[in-house]
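For the sequence shown, the numbering used here begins at 443 and goes up steadily by one.
One structure is given here, and the rest of the page talks about it.
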Amino acid sequence: MANECCFEHELEYKSLIFNGGSMNDADETIPDTIPLGSANSSLRLLGWLLPQGDTEEYSLTFNVPKDAYDKAGKAKVLVHLLTDNSNTPTGNRFAIRLSSLFARANGVVNISNLKTINKFNIQIQNSPGNFKYNHYVIEFELKDIIRAEDFALLSVARIASANDYAGALFLSSIEFVYLSC
């Protein structure tokens with residue numbers, strides 16, 4: 443069994459990183475791009491724009507790696523977002539939701555097993571100029587018991603917040619962090 447090795451070796455955190463091309467939403471098939479440096483820059487960042495009032499779910503599916511340590515049950519998700527608020531849109535906070543669903547190998551994928559975590563009052567920082575972005579890393583600790591080879595679904599959505607930021611958030615990547623041996 444793969445997890446027997448953990449008695450001989452120390453556990454370490456590993457991660458899977460998914461960029462905008464790995465995610466999807468219900469209405470669009472192609473992620474957005476934003477220029478870096480100037481409007482006509484050939485350097486572009488790939489991801490999904492989440493404007494104020496957006497109710498879309500941006501989701502991805504994958505299998506938990508075989509080297510995930512079953513007995514730890516510890517995993518977290520890091521959501522990477524960018525903002526360009528150099529034009530100072532109204533509002534200075536945003537909120538997002540992470541939904542997660544895990545199903546055992548040969549198990550049933552069932553919406554009733556979906557777990558949701560909300561993060562509120564994430565403060566916007568001022569950008570230093572046009573086409574320069576602030577990077578936010580929002581951490582979600584998963585309470586699910588995650589096992590190697592589970593089917594996994596992660597979904598991120600923007601939700602309404604007090605003093606909601608009027609600008610768009612840019613979902614650049616989602617990182618799944620797990621214990622491995």
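Note that beta-carbon positions come from the ideal geometry of N, C-alpha and C, so glycine has one too.
Open item on the list: Nearest by alpha-carbon distance to K518: which of N605, V579 and Y607 is it?
Closed with: V579
Task: L621 in three-state terms, based on DSSP - done: strand
Open item on the list: Under 8 Å: do the segment 479-489 and the segment 533-542 share three or more Cβ pairs, one atom per stretch?
Closed with: no
TODO: Name the one or two DSSP bridge partners that S528 has.
DONE: None; S528 has no bridge partner.
- [ ] Count the C-beta pairs between the segment 566-573 and the segment 465-485 that are closer than 8 Å, then say yes if the count reaches three, no if not.
- [x] yes
Open item on the list: Quick check: the Cα distance between N527 and F544, rounded to an integer number of angstroms?
Closed with: 36 Å
Open item on the list: Applying the 10 Å Cβ sphere with the 16-neighbour rule, what's the burial state of Y607?
Closed with: buried
- [ ] Kindly indicate which residue of T497, F504 and N548 has the alpha-carbon position closest to the one of F460.
- [x] F504
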